[in-house]
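> My numbering applies: residue 27 is where the sequence shown begins, and numbers increase by one.
Yeah, the Cβ is synthetic: ideal placement off N, Cα and C, and Gly gets one too.
Bear in mind the structure is a predicted one, so any value in this text is a computation, not a measurement.
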Amino acid sequence: MSARPPLRVLLFRHRHDADVQEYENALVHAFQGGKEAGAYVSAGADLGIQLEVFEDAPLASAESLLDGFCHTLVIVFVDCELLGAGEALSGWLATCFRHASGSGGRHRMLPLAMEERLADRFTRLPGLEGCQVHTVQGFGERAIRPAMVALRALHEARVLLAAGMPFREGQGPAGFLRLFISHAKLDGLPLAQALKHQIQATGWLRTFYDAEDLPPGCDWREELERGVGDSLIVMLRTEIYESRHWCQQEVRWADEYATPAVLVEARVGLNHPAGTLPFDRVPTVRIPDGNLMRVLHLALREGLRFLLFARRVEEMRRTGEIPNGASLRTFSFQPSMAALLRACRALAREAEPRYILYPDPVLGTGSYEAARALVAAEAPGTVLATPNTLAAAAAR
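1) Across the region 84-99 and the region 29-41, are there enough close Cβ pairs to call them in contact, namely three or more that are closer than 8 Å?
2) Take residue 9 as the anchor and find which of 286, 325, 157, 262 has the nearest alpha-carbon.
3) Rounded to a whole number of angstroms, what is the C-alpha to C-alpha distance between residue 214 and residue 359?
4) Does the distance between the C-beta of residue 354 and the nearest non-hydrogen atom of the ligand GTP fall short of 6 Å?
5) Name the two residues that bound the continuous alpha helix (DSSP H) containing residue 415.
6) When we look at the beta-carbon of residue 260 and count the other beta-carbons within 10 Å, is it buried (16 or more) or exposed?
7) So residue 221 packs on residue 321, CB below 8 Å; how close in whole Å?
8) Can you list, in chain order, the residues of its chain with a C-beta nearer than 7 Å to that of residue 281? Leave out the 5 residues immediately preceding and following it.
9) Going by the CB atoms, is the gap between residue 140 and residue 175 shorter than 7 Å?
10) Quick one: which unbroken beta strand (DSSP E) runs of 3-plus residues sit fully inside the region 327-361? Chain order, please.
11) Could you work out which residue in 225, 354, 145, 122 is closest to residue 134 when comparing CA atoms only?
12) Return helix, strand or coil for residue 164, following the three-state DSSP convention.
13) Would you call the region 76-87 in contact with the region 41-59, where contact means no fewer than 3 C-beta pairs closer than 8 Å?
14) Alpha carbon to alpha carbon, what distance is there between residue 110 and residue 146?
15) Just the C-alpha distance for residue 33 and residue 203, rounded to the nearest angstrom, thanks.
16) Quick check: residue 289 and residue 302, are their CB atoms within less than 7 Å of each other?
17) When the Cα of residue 410 is compared with those of 50, 380, 274, 101, which residue comes out closest?
18) Considering Cα atoms alone, identify which of 420, 82, 389 is closest to residue 42.
19) Taking the alpha-carbon of residue 87 as reference, which of 116, 107, 108, 106 has the nearest alpha-carbon?
20) For residue 368, which of helix, strand or coil comes out of DSSP?
21) Identify every residue that forms a DSSP beta bridge with residue 137.
22) Start and end of the beta strand (DSSP E) containing residue 149?
23) Taking 8 Å as the limit between beta carbons, can you name the residues of its chain near residue 157, skipping five residues before and five after?
24) Under 7 Å between the Cβ atoms of residue 46 and residue 103?
25) Helix, strand or coil for residue 74? Go by DSSP, reduced to three states.
26) Report yes if the CB atom of residue 276 is closer than 7 Å to the CB atom of residue 208, and no otherwise.
27) Would you identify the three-state DSSP class for residue 381, choosing helix, strand or coil?
28) Let me know if residue 344 comes out buried or exposed under the rule of 16 or more other beta-carbons within 10 Å of its beta-carbon.
29) Should residue 299 go down as buried or exposed, given a rule of 16 or more other Cβ atoms within 10 Å for buried?
30) Determine which residues share a DSSP beta bridge with residue 257 and list them.
31) In three-state DSSP terms, what is residue 55?
32) Please name the residue in 329, 130, 284 whose C-alpha comes closest to that of residue 382.
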């Protein structure tokens with residue numbers, strides 16, 4: 027039994043509606059990245075999510091198309107042209123809505139109407155009664171709407187993936203994410219407060235995303251250990267950030283506990299000394315224009331990337347690629363020595379077989395040998411692998 031990919035996005039739009047193009051561009055940028063950032067969207071690498079665009083009813087049935095992946099997010103831009111596309115498309119979308127509604131949270135259909143009156147017409151189509159339709163006007167001022175729609179799509183994708191993960195006692199609703207803001211009080215406080223206000227000012231963001239300050243002297247290791255999949259640290263790298271003891275400690279803890287993180291490069295100086303903190307694995311965003319939406323986009327993308335790999339590993343458990351009952355630690359990035367050491371010491375107290383998985387590609391020459399030596403010394407018998415190396419070993 028082969029593992030299904032974690033997530034697919036299906037986008038339905040009519041090619042003759044030019045107004046939809048900027049929304050499509052924002053969605054493609056959000057899920058598949060790009061070299062240049064948009065006006066309100068951060069640039070980033072391709073997340074590896076399959077995104078398909080349709081103008082008419084797909085040849086495959088809705089059930090087979092949705093169930094071919096662990097989770098499918100279907101986004102429909104409702105305009106006059108799409109409403110007049112014919113019964114084949116409306117019938118397919120009705121079947122899609124029925125199947126997604128009965129999937130127990132596995133799939134989601136997100137219709138977005140370009141005008142409010144079109145939302146009413148869409149829900150009067152046979153089989154689409156009761157379908158909740160959002161209007162693009164509800165996403166703020168016209169210039170920011172495509173970015174907000176892309177942010178909402180990233181959020182919906184996170185919720186789908188989180189719902190497919192094992193439930194942990196004490197966790198919030200599926201997709202809930204705590205954004206811990208690490209900053210130096212002397213020069214980072216206004217930026218931290220502005221970021222918190224941006225989240226609180228957006229109703230649906232406020233429900234799922236909670237921004238918290240990290241007060242100086244706060245030992246939040248226990249919080250990280252309890253909710254690594256629900257937490258993300260936003261590091262506000264101002265001029266004095268790296269010189270503050272507790273800021274340094276927070277960065278090192280985030281690395282050790284494999285917490286998803288983003289770095290906001292807020293320094294204005296032209297020259298800086300070499301640093302010693304482990305920032306290499308952390309995606310970075312600059313906001314010289316004060317655009318905090320770019321920070322939120324990057325944070326949700328990084329949270330989604332973390333869940334994508336974690337969900338892939340859960341699917342490998344289901345298919346038997348990872349044995350049932352195996353003790354497992356999962357990294358969403360190539361682990362540092364500090365992160366590996368902590369994982370090994372925890373695994374050494376657990377039953378065999380034991381696995382440590384991280385995404386391809388394999389660690390580079392030197393780093394890989396050092397990592398294997400560390401694992402062998404601290405947790406003998408533990409398999410250090412990526413999905414590809416694990417599959418290759420099973421094929422031999």
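Straight from the coordinates:
1) Cβ pair count under 8 Å is three or more, so yes.
2) Because residue 9 is not part of the residues shown, which for the chain are 27 to 422, the question remains open.
3) Roughly 27 Å between the two C-alpha positions.
4) Within the structure as shown, the ligand GTP is missing, as the structure has no ligands at all.
5) Looking at the DSSP string, the run of the alpha helix (DSSP H) that includes residue 415 is 413-421.
6) By the 10 Å Cβ count, residue 260 comes out buried.
7) Confirmed, about 6 Å.
8) The residues 304, 362, 364, 365, in chain order, have a CB closer than 7 Å to that of residue 281 in the same chain once the five nearest residues on each side in sequence are set aside.
9) With contacts defined as CB atoms closer than 7 Å, residue 175 and residue 140 fail to qualify as a contacting pair.
10) Complete beta strand (DSSP E) runs here, min 3: 353-356.
11) Comparing Cα-Cα distances from residue 134 to each of 225, 354, 145, 122, the minimum goes to 122.
12) It is helical.
13) Flag = yes, the region 76-87 and the region 41-59 touch.
14) Rounded to the nearest whole angstrom, the C-alpha separation of residue 146 and residue 110 is 14 Å.
15) So the two alpha carbons sit approximately 19 Å from each other.
16) No.
17) The residue with the shortest Cα to Cα distance from residue 410 is 380.
18) The alpha carbon of residue 42 has as its nearest neighbour, out of 420, 82, 389, the alpha carbon of 82.
19) That would be 116, whose Cα lies nearest to the Cα of residue 87.
20) Looking at residue 368 - three-state DSSP - the assignment turns out to be helix.
21) Residue 137 is bridged to 102.
22) For residue 149, there is no enclosing beta strand (DSSP E); the enclosing alpha helix (DSSP H) has its first and last residue at 142-149.
23) Hits under 8 Å: 123, 135, 137, 148, 149.
24) Yes. Within cutoff.
25) The three-state secondary structure of residue 74, taken from DSSP, is coil.
26) Their beta carbons are under 7 Å apart, which means residue 276 touches residue 208 by this criterion.
27) The answer is strand: DSSP assigns residue 381 an E or B state.
28) It counts as exposed.
29) Exposed is the label assigned to residue 299, since fewer than 16 other Cβ atoms lie within 10 Å of its Cβ.
30) The partner list for residue 257 (beta bridge, DSSP) reads 204.
31) In the structure shown, residue 55 sits in a helix (DSSP, three-state: H, G or I).
32) For residue 382, the closest alpha carbon among the candidates 329, 130, 284 is that of 284.
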